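Comments concern the structure below.
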Amino acid sequence: AIARLLLFGARDVWFVVALPLYLVSVLGWEYSSVGGFLALWIIGYGFIQSMAPRITGVAHGTPDGRDVIGWALGLATITLLLAIGVYQSLDPLHSLIPGLLIFGAVFAVNSSVHSYLIVSYSHAERVSMDVGFYYMANAMGRLIGTVLSGYLFQVYGLLACLIVSGLFLLISAAVATKLPVAAN
447 AIARLLLFGA RDVWFVVALP LYLVSVLGWE YSSVGGFLAL WIIGYGFIQS
497 MAPRITGVAH GTPDGRDVIG WALGLATITL LLAIGVYQSL DPLHSLIPGL
547 LIFGAVFAVN SSVHSYLIVS YSHAERVSMD VGFYYMANAM GRLIGTVLSG
597 YLFQVYGLLA CLIVSGLFLL ISAAVATKLP VAAN
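Counting from 447, one number per residue, gives the positions in the sequence shown under my numbering.
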């Protein structure tokens, strides 16, 4: 649950408030362009998430704790590369926007692996409680990420949001080292 809380906090700390404000205030996008872009991002995210079982099944079969670690580290790498791009003032249309698309795809698979594992790790007699607790952690991560997104962007800018996101993902990967792995 902590890994999931941090995963969703990591996404929302830069995606929910900071990114739309950055697109409007720094890149000069119109509100309708931001809304349209984010709507397409969500649709693409859903498409990738629907393909996640095929994507993860290619690696080594049924996902386990190793997959959560790997996907979180991959996502942390993408996020920290985005932070470097923002820090170096790289052209956002050639760095941030493609990076956001890659982030979305990797995040979608990561989230699907988390969802699969909570059901897989649950005991039959308390699946609803385990899943409920897990999704409560998901909601808490989103709340923390949203609040931090607004605050960090207002005070420090998008770079700080991306750095915090990367840190959340690294901690999520560290926490996931405690998850069980399948015996091969």
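The beta carbon of each residue, even a glycine, is placed where N, CA and C say it ideally should be.
Because the structure is a prediction, the values reported are computed rather than measured.
Residues D576, V577 and Y580 of the same chain have their beta carbon placed closer than 7 Å to that of I564, with the five preceding and five following residues left out of the count.
Put simply, of L526, H560, F614 and R588 the residue whose alpha carbon is nearest the alpha carbon of L546 is L526.
A direct Cα-to-Cα measurement between L484 and V462 gives close to 10 Å.
At the C-beta level, A449 and H569 stay beyond 8 Å of one another. Look at D537 here: in three-state DSSP terms it is coil, with no helix or strand label. A buried status is given to T502, since no fewer than 16 other beta-carbon atoms sit within 10 Å of its beta-carbon.
Pairing G511 with A622 gives a Cβ-Cβ distance under 8 Å.
Of the residues G612, V573 and I617, the one whose Cα lies closest to the Cα of W460 is G612.
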